[in-house]
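Following: one structure in structure tokens, then a few remarks.
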Amino acid sequence: MRTLSEASLKLSSVGFVVALFLAASNSSYAQVALPNFADLVENNAPSIVEISTTKSVSGRSAIGDDEIEELLRRLNPGQEPDLDIEGIPEQRQRGAVGSGFVISSDGYIMTNNHVVADADEIQVTLNDRRVYDAKVIGLDEPSDLALLKIDATEVPYVEFGDSDSLRVGDWVLAIGSPFGLEFSAAAGIVSAKGRSMPGRSTYNYMSFIQTDVAINQGNSGGPLFNLEGDVIGINSQILSSAGGSNGISFSIPSNVAMNVMEQLRDTGAVERGLLGVRMREVDYALAEIFNMEQPRGAFVDDVQIDSPAEEGGVLIEDIILEFNGHDIEHFTDLPFYVGQYRPGTAAKMRVYREGELRDLTVVLGSSPTNSVAVAEPEVVRERNNPLGFRVSELSDELRRVTGLSGVQIAELNEGPGREAGLLIGDVIVSLNRQEIDSADKFARVASNLPNSGFVPIRIVREGQGTTMALELDP
Numbered sequence: 002m003r004t005l006s007e008a009s010l011k012l013s014s015v016g017f018v019v020a021l022f023l024a025a026s027n028s029s030y031a032q033v034a035l036p037n038f039a040d041l042v043e044n045n046a047p048s049i050v051e052i053s054t055t056k057s058v059s060g061r062s063a064i065g066d067d068e069i070e071e072l073l074r075r076l077n078p079g080q081e082p083d084l085d086i087e088g089i090p091e092q093r094q095r096g097a098v099g100s101g102f103v104i105s106s107d108g109y110i111m112t113n114n115h116v117v118a119d120a121d122e123i124q125v126t127l128n129d130r131r132v133y134d135a136k137v138i139g140l141d142e143p144s145d146l147a148l149l150k151i152d153a154t155e156v157p158y159v160e161f162g163d164s165d166s167l168r169v170g171d172w173v174l175a176i177g178s179p180f181g182l183e184f185s186a187a188a189g190i191v192s193a194k195g196r197s198m199p200g201r202s203t204y205n206y207m208s209f210i211q212t213d214v215a216i217n218q219g220n221s222g223g224p225l226f227n228l229e230g231d232v233i234g235i236n237s238q239i240l241s242s243a244g245g246s247n248g249i250s251f252s253i254p255s256n257v258a259m260n261v262m263e264q265l266r267d268t269g270a271v272e273r274g275l276l277g278v279r280m281r282e283v284d285y286a287l288a289e290i291f292n293m294e295q296p297r298g299a300f301v302d303d304v305q306i307d308s309p310a311e312e313g314g315v316l317i318e319d320i321i322l323e324f325n326g327h328d329i330e331h332f333t334d335l336p337f338y339v340g341q342y343r344p345g346t347a348a349k350m351r352v353y354r355e356g357e358l359r360d361l362t363v364v365l366g367s368s369p370t371n372s373v374a375v376a377e378p379e380v381v382r383e384r385n386n387p388l389g390f391r392v393s394e395l396s397d398e399l400r401r402v403t404g405l406s407g408v409q410i411a412e413l414n415e416g417p418g419r420e421a422g423l424l425i426g427d428v429i430v431s432l433n434r435q436e437i438d439s440a441d442k443f444a445r446v447a448s449n450l451p452n453s454g455f456v457p458i459r460i461v462r463e464g465q466g467t468t469m470a471l472e473l474d475p
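Throughout the sequence shown, residue numbering follows our numbering, covering 2 to 475 in sequence.
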């Protein structure tokens, strides 16, 4: 009986402990219960819009050459179809549906550039089903943002929040029109900050917010809210192999959008500053070589001649740690922050040089992306070479920004170049171990290549240099 009694007492004690644990767990669960987004959606949905576009295409483009060829064969059996025909009327083609949001009571609307670019007509549908024709105030391709205007007053609008205050793990909510399902809401968390998208542009001025919100086609241009109901991002891209949500979406930070919006509203265009350095990541090896406690910052590989960086005292092998009050953790942070300031801005920088911190001031120049149109380089056509591609001179802007000296691949046909993996836009800096600084030099070197065998070619692609082997046919 005693043993049984002790056992019962022990079981009772265990039960009491378990009960306390469950009570504590329930209490903790109550404290971390999922947020209710109903009020947030109800308060902000009237400010969300659906955007549809229409553009004119030639009748031939709308129908397609294959369809025309088949039609001519049926109408004229036994004759070869002649596709050199005129008189096919233009067709009105409806574009993809996107999203947007009202940012002021007088009808200014923000969306993505790719939603409305090249559109002839833009229609905006408000939450209350009113439909307006929209006018483009300004487009900015580098940030993928557009500012529209509708002829309306006293329209409900949203407020911008501070995207810099976001933390990984914060709850966020998107409202938009995925696949044309208008005014749909989806929630998730911030997965990462400071994401860059390789291959977007030669001048990467974007640092995305990554979330796991279910963003799909049609959500582009819609807002991303924090729990306070402020817009802290504009949904722009998804990473997907099938075109649908895989839980990886990217949004433009609101602080970027506010800067772009103000400039588009004031002038219809966006100007960005230029520093004039070529840089790379500070890895563990560089940090050890330069006696840094931990890898961080942007390592200066080159300083362009007569650039703002050179005039401000930046040197090769400087490590930029701060730019105008912004910490530079990764080298991709630097162009993002530089792009937030206009040309002529006097920006303060902190660099790590020879084991010491130094403070510099640079006056930013003007980025080549500020030009409305950049003339296409003239292709050097009268060049005979066995490589299967043609080259063009580098533009002055590209030479100034990248510090490169070479030629750019402008046309690529079948041949050793294509087989080696070269791409249009690659910058050739040496061929057969001879430096290339002009199209004339390239032509001379190419005309004296051996008849067969392998020759090395060094290129720069998206800021990264690599050497490839060209196999010349015997």
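Glycine included, each C-beta is placed from N, C-alpha and C at the ideal position.
query, result
"Residues of its chain near Tyr338, where Cβ-Cβ distance is below 8 Å and the 5 sequence neighbours each way are ignored", "Phe324, Asn325, His327 and Ile329"
"Short Cβ contact (9 Å threshold) for Ile507 with Pro254", "Look at the range of the chain in this structure, 2 to 475, and you will see that residue 507 is not part of it."
"Any 3 or more C-beta pairs closer than 8 Å across the stretch 141–156 and the stretch 250–265", "yes"
"Beta-bridge partners of Gly234, as assigned by DSSP", "Leu225 and Pro254"
"Alpha carbon of Ala153 to alpha carbon of Gly108, nearest angstrom", "5 Å"
"Burial state of Leu174, where buried means 16 or more other Cβ atoms lie within 10 Å", "buried"
"Through-space distance from Glu415 to Asn256, alpha-carbon basis", "46 Å"
"Buried or exposed (CB count within 10 angstroms, at least 16 for buried), Tyr353", "buried"
"Exposed unless 16 or more other CB atoms sit within 10 angstroms - verdict on Gly357", "The identity of residue 357 in the sequence shown is Glu, whereas the question assumes Gly. Classification of Glu357: exposed, given that the 10 Å Cβ count is below 16."
"Per-residue burial, Gln341 [other beta carbons within 10 Å of its own, 16 or more giving buried]", "buried"
"Three-state class that DSSP yields for Gln264 in the structure shown", "helix"
"Supposed close pair Phe332, Arg281 - CB separation, criterion 8 Å", "6 Å"
"Top-ranked residue by Cα proximity to Leu322, from Asp334, Gly314, Glu311 and Ala193", "Asp334"
"Cut-off 7 Å between Cβ atoms - residues of its own chain near Asn45, not counting five sequence neighbours on either side", "Val159, Ile176, Phe226 and Gly230"
"Spatial neighbours of Val375 in its chain, beta-carbon cut-off 6 Å, leaving aside the 5 residues before and after", "For Val375, the pLDDT reaches just 36, beneath the cut-off of 50, and the residue's location in the model is therefore unreliable, although a value from the coordinates is still provided. Cβ within range, chain order: n/a, list empty."
"DSSP-derived helix/strand/coil call for Met469", "strand"
"For Met259, three-class secondary structure by DSSP", "helix"
"Candidates Leu395, Ala421, Arg419 and Val461: closest to Ala440 by CA position", "Leu395"
"Cα-Cα separation between Tyr133 and Val125, rounded to whole angstroms", "5 Å"
"Closer than 8 Å: Gln341 CB and nearest the ligand MN heavy atom", "No copy of the ligand MN occurs in the structure displayed, which carries no ligand at all."
"Close beta carbons around Gly426, own chain, < 8 Å, minus the five adjacent residues each side", "Gln409, Ile410 and Arg462"
"Through-space distance from Asp141 to Ile52, alpha-carbon basis", "17 Å"
"Under the three-state DSSP convention, the category Asn292 falls into", "coil"
"Any alpha helix (DSSP H) of 4 or more consecutive residues that is wholly inside the stretch 295–355", "309–312 and 334–339"
"Close beta carbons around Ser246, own chain, < 7 Å, minus the five adjacent residues each side", "Ala215, Ile216, Asn217 and Ile239"
"Test item: CB-CB of Met350 and Gly389 under 9 Å", "no"
"Continuous alpha helix (DSSP H) stretch holding Ser448: start and end", "Ala440 to Ser448"
"Cβ-based neighbour list, Ala188, same chain, cut-off 6 Å, excluding 5 preceding and 5 following", "Phe38 and Leu174"
"Segment limits, alpha helix (DSSP H) that includes Arg419", "Pro417 to Ala421"
"Cut-off 8 Å between Cβ atoms - residues of its own chain near Gly219, not counting five sequence neighbours on either side", "Ala97, Val98, Gly99, Ser100, Gly177, Ser178, Pro179, Phe180, Gly181 and Leu182"
"Assigned exposure category for Arg273 - 16 Cβ within 10 Å defines buried", "buried"
"CB-CB length for Ser453 against Leu473, believed under 8 Å", "5 Å"
"DSSP bridge partner residues for Met280 (one or two, in chain order)", "Val301"
"Selection from Pro336, Leu276, Arg434 and Pro457 that minimises the alpha carbon distance to Leu423", "Pro457"
"C-alpha gap between Asp129 and Ser106, whole angstroms", "15 Å"
"Straight-line Cα distance separating Asp360 from Ile320", "12 Å"
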